[in-house]
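In what follows, a single structure is set out as structure tokens and then discussed.
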Amino acid sequence: MLDRSLVHAEFVRQFGDVPQVIVQAPGRVNLIGEHTDYNEGFVFPVAIDLATVVAARPRADRLIRVRAHDYGEDDQFLLDDITHDPTRLWCNYVRGVCHALLMAGHQIGGADLLITGNVPRGAGLSSSASLEVATGYGLQVLNRLNIRGEALALLAQGAECQFVGMQCGIMDQFIATLGRRDHALLIDCRDLRYHTVPLPTAIRVVVADSHIARTLASSAYNQRRAECERAVAAFRRYDPGITALRDVTPDWFAAHAAVLPDVERARARHVISENDRVVRGVAALEAGDVRQFGRLMNQSHISMRDDYQISTAEIDALVAAAQQAPGCLGSRLTGAGFGGCTVSLVEADAVDAFCAAAAAAYHVATGRTVTWHVCHASDGVGLLSSADHSAT
Ligand code: GLA
Numbered sequence: 112m113l114d115r116s117l118v119h120a121e122f123v124r125q126f127g128d129v130p131q132v133i134v135q136a137p138g139r140v141n142l143i144g145e146h147t148d149y150n151e152g153f154v155f156p157v158a159i160d161l162a163t164v165v166a167a168r169p170r171a172d173r174l175i176r177v178r179a180h181d182y183g184e185d186d187q188f189l190l191d192d193i194t195h196d197p198t199r200l201w202c203n204y205v206r207g208v209c210h211a212l213l214m215a216g217h218q219i220g221g222a223d224l225l226i227t228g229n230v231p232r233g234a235g236l237s238s239s240a241s242l243e244v245a246t247g248y249g250l251q252v253l254n255r256l257n258i259r260g261e262a263l264a265l266l267a268q269g270a271e272c273q274f275v276g277m278q279c280g281i282m283d284q285f286i287a288t289l290g291r292r293d294h295a296l297l298i299d300c301r302d303l304r305y306h307t308v309p310l311p312t313a314i315r316v317v318v319a320d321s322h323i324a325r326t327l328a329s330s331a332y333n334q335r336r337a338e339c340e341r342a343v344a345a346f347r348r349y350d351p352g353i354t355a356l357r358d359v360t361p362d363w364f365a366a367h368a369a370v371l372p373d374v375e376r377a378r379a380r381h382v383i384s385e386n387d388r389v390v391r392g393v394a395a396l397e398a399g400d401v402r403q404f405g406r407l408m409n410q411s412h413i414s415m416r417d418d419y420q421i422s423t424a425e426i427d428a429l430v431a432a433a434q435q436a437p438g439c440l441g442s443r444l445t446g447a448g449f450g451g452c453t454v455s456l457v458e459a460d461a462v463d464a465f466c467a468a469a470a471a472a473y474h475v476a477t478g479r480t481v482t483w484h485v486c487h488a489s490d491g492v493g494l495l496s497s498a499d500h501s502a503t
């Protein structure tokens, strides 16, 4: 990751001129509400202080040239001929966003783009959403487009679903766009209404990166989504008003669960109980009851492990180590699953002791090490610098 002055210098080195804008979009960590977004339910993420930075300058033609500094790789394509690159995944995030902007009817011209960042890649902290949103916002500013935050998030999500092929929900792009410093966002993924909830100053959001590659993430993710859709189709025979698992209350589920096959029943149980946990958890946090929020995080992990089956033995060991460490209020797998990161809520004055104890217990259990990120809830996408202030 380059710092801001180096981004400027590197842009000049690559493209022979200064960037017109430099923007950044954050990664995210979800505190509770996993695999609920594409079921039109509730999520509760924070934008974190790890980000993707895009420096950009317009061109007079229709060419997009991209330098991925951290990969030492380049891409270029014409806006009138955007194709999927099967060999290099990262290219498709940029191509997909350009494609989505054009499909939505926005007029964009060619550009030179330099990308750098410090969101760990493939770790479950949404490096891809931060790249999509930073690219989209950079092009929005360059081309003086008027796109609201919600619309930019939807465009970025569309790029990932239609161009990259991961049938993701809206959470990651939404929080990368609309995150708020010192707050988490309760997002209703049905109508995209949201409200900001201040994080108590006496707690810290601690992420542990397991470095376990999420090899299954994309295929198993799409499979989980299909299983949820099958559960909805089965439930609709009993109540046609059900269009998503969001519509099913825990009581209705208890009365009708037996009509589902085992796998769909377990998946639905996770989603329905998780939505309920988000709502109760946010109410607890707003009432100042962080311990109750932490207990719900622990329950969320059990539900992901047993019903949604997206955890791994190592992640379970990491969560168990964290839950027993000093100052821990709650801990769970975060993100799509199958490896990646855990998130813990920890009393601020116990963070060092927490990390040391959890790392030691995890090492004893698995022989593995983790990287800790003590995250500060941050703002969503924004301008780092601009040569033309009217462009903001
Ligand atoms: C990934 C997806 C999100 C969401 C989470 C699981 O991060 O991109 O839309 O579904 O997994 O909660």
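Residue numbers for the sequence shown follow my numbering, so the first one is 112 and each next one is one higher. For every residue, glycine included, the Cβ atom is placed at its ideal position computed from N, Cα and C. These numbers come from a predicted model, not from an experiment.
Anticipated Cβ contact below 8 Å, isoleucine 286 with glycine 491, distance rounded: Within the sequence shown, residue 286 is the residue found at index 175, counting from 1. Within the sequence shown, residue 491 is the residue found at index 380, counting from 1. Right, their Cβ atoms sit about 7 Å apart.
Proximity of threonine 482 and histidine 322 at Cβ, strictly below 8 Å: Numbered from 1 along the sequence shown, position 371 holds the residue referred to as residue 482. Numbered from 1 along the sequence shown, position 211 holds the residue referred to as residue 322. Result yes, Cβ atoms of threonine 482 and histidine 322 sit closer than 8 Å.
Backbone CA spacing between methionine 277 and valine 401 [nearest angstrom]: On the sequence shown, position 166 is the one that residue 277 refers to. On the sequence shown, position 290 is the one that residue 401 refers to. One C-alpha to the other measures close to 34 Å.
Glutamine 135 - partner residues in DSSP beta bridges: Position 24 of the sequence shown holds residue 135. Val164, Gly493.
Assigned secondary structure, phenylalanine 188 (DSSP; H/G/I helix, E/B strand, else coil): As a working mapping, residue 188 is identified with position 77 in the sequence shown. Three-state result, phenylalanine 188: strand.
DSSP three-state assignment for leucine 310, whether helix, strand or coil: Numbered from 1 along the sequence shown, position 199 holds the residue referred to as residue 310. Here leucine 310 sits in coil by DSSP.
Per-residue burial, arginine 315 [other beta carbons within 10 Å of its own, 16 or more giving buried]: Translated into positions along the sequence shown, residue 315 becomes position 204. The residue in question, arginine 315, is buried, as its Cβ has 16 or more Cβ neighbours within 10 Å.
Stretch-stretch touch, CB-based, cutoff 8 Å, three pairs: the region 209–218 with the region 118–131: no
Closest Cα partner of threonine 453 within the set Arg479, Ser422, Asp186: For this step, residue 453 is matched to residue 342 along the sequence shown. Closest option to threonine 453, Cα to Cα, is Ser422.
Residue range of the alpha helix (DSSP H) that includes threonine 288: Position 177 of the sequence shown, counted from the first residue, corresponds to residue 288. Taken as a continuous stretch (DSSP letters only), the alpha helix (DSSP H) holding threonine 288 covers 282–289.
Bridge partners - serine 321, DSSP secondary structure assignment: Sequence index remark: in the sequence shown, residue 321 carries index 210 (1-based). DSSP, once it has assigned bridges, lists no residue as partnering serine 321.
Counted within 10 angstroms of its Cβ, other Cβ atoms place aspartate 362 as buried (16 or more) or exposed: On the sequence shown, position 251 is the one that residue 362 refers to. Burial call: exposed.
Valine 457 beta carbon less than 8 Å from that of leucine 429: Here residue 429 is taken as the residue at index 318 of the sequence shown, counted from 1. Here residue 457 is taken as the residue at index 346 of the sequence shown, counted from 1. Cβ atoms of leucine 429 and valine 457: not closer than 8 Å.
Residue range of the unbroken alpha helix (DSSP H) whose run includes isoleucine 421: As a position in the sequence shown, residue 421 is number 310, starting the count at 1. Per DSSP, isoleucine 421 belongs to no alpha helix (DSSP H) and is neither H nor E.
Chain-order list of residues whose beta-carbon lies under 7 Å from that of glutamine 434 (same chain, five-residue window excluded): Mapped onto the sequence shown, residue 434 falls at position 323. Once the five neighbours on either side are set aside, the close Cβ partners of glutamine 434 are Asn409, Ser442.
At least three beta-carbon pairs within less than 8 Å, the region 340–347 to the region 373–388: yes
Any non-hydrogen atom of the ligand GLA within 7 Å of cysteine 279 CB: Here residue 279 refers to the residue found at position 168 of the sequence shown. Under cutoff, so the answer is yes.
Three-pair Cβ contact test at 8 Å for the region 156–168 versus the region 329–336: no
For valine 393 and leucine 297, the rounded distance between their alpha carbons: As a first step, residue 297 is located in the sequence shown; it is residue number 186 there, counting from the start. As a first step, residue 393 is located in the sequence shown; it is residue number 282 there, counting from the start. Approximately 8 Å, taken between the alpha carbons.
Runs of alpha helix (DSSP H) lying entirely within the region 350–422, each at least 4 residues, in chain order: 361–367, 373–397, 401–414
N- and C-terminal bounds of the alpha helix (DSSP H) containing alanine 222: Start at 1 with the first residue of the sequence shown, and residue 222 comes out as number 111. Note, alanine 222: premise wrong, no alpha helix (DSSP H); beta strand (DSSP E) at 222–228.
Glutamate 145: CB within 7 Å of a non-hydrogen atom of the ligand GLA: Position 34 of the sequence shown, counting from 1, holds the residue named residue 145. Checking every heavy atom of the ligand GLA against the Cβ of glutamate 145, one is found closer than 7 Å.
Enclosing beta strand (DSSP E) for glycine 249 [first to last residue]: Numbered from 1 along the sequence shown, position 138 holds the residue referred to as residue 249. That residue, glycine 249, is in no beta strand (DSSP E); its alpha helix (DSSP H) goes 238–253.
Start and end residues, alpha helix (DSSP H) containing histidine 484: Here residue 484 corresponds to residue number 373 of the sequence shown, with the count starting at 1. Segment 482–486 is the beta strand (DSSP E) holding histidine 484; no alpha helix (DSSP H) there.
Bridge partner(s) assigned by DSSP for alanine 158: As a working mapping, residue 158 is identified with position 47 in the sequence shown. Partner(s): Arg139.
Rounded straight-line distance, which links the Cα of histidine 487 to that of proline 309: Within the sequence shown, the letter at position 198 stands for residue 309. Within the sequence shown, the letter at position 376 stands for residue 487. In a straight line, the C-alpha of proline 309 is about 12 Å away from that of histidine 487.
Proximal residues to alanine 324 (C-beta, below 8 Å), its chain only, five neighbours per side dropped: What you label residue 324 is simply residue 213 of the sequence shown in a count that begins at 1. Answer for alanine 324: Gly233, Gly450, listed in chain order.
Cβ pair phenylalanine 465, valine 275 closer than 8 Å: If you number the sequence shown from 1, residue 465 lands on position 354. If you number the sequence shown from 1, residue 275 lands on position 164. In this structure, valine 275 does not lie closer than 8 Å to phenylalanine 465 by Cβ.
Residue from Ile143, Arg115, Glu151 whose Cα sits closest to the Cα of arginine 304: Locating residue 304 in the sequence shown gives position 193, where the first residue counts as 1. Closest by alpha carbon: Glu151.
Check: tyrosine 149 C-beta below 7 Å from any heavy atom of the ligand GLA: As a position in the sequence shown, residue 149 is number 38, starting the count at 1. At least one heavy atom of the ligand GLA is nearer than 7 Å to the Cβ of tyrosine 149, so yes.
Cysteine 457, enclosing beta strand (DSSP E) - first and last residue: Numbered from its first residue, the sequence shown carries residue 457 at position 346. Reading off the sequence, residue 457 comes out as valine, not cysteine. From DSSP, the beta strand (DSSP E) with valine 457 extends over 452–458.
Proximity test, aspartate 283 beta-carbon vs the ligand GLA heavy atom, cut-off 7 Å: The residue given as residue 283 occupies position 172 in the sequence shown. True, at least one ligand heavy atom lies under 7 Å from that Cβ.
Near the ligand GLA: alanine 379 beta-carbon under 7 Å from a heavy atom: In the sequence shown, the residue the question calls residue 379 occupies position 268. No; taking the cut-off as 7 Å, the Cβ of alanine 379 has no heavy atom of the ligand GLA nearer than that.
Straight-line Cα distance separating leucine 494 from valine 134: Position 23 of the sequence shown, counted from the start, is the residue given in the question as residue 134. Position 383 of the sequence shown, counted from the start, is the residue given in the question as residue 494. Straight-line Cα distance between these residues: approximately 4 Å.
Inter-residue Cα distance where the pair is serine 496 and valine 164: As a working mapping, residue 496 is identified with position 385 in the sequence shown. As a working mapping, residue 164 is identified with position 53 in the sequence shown. Distance between the alpha carbons of serine 496 and valine 164 is about 11 Å.
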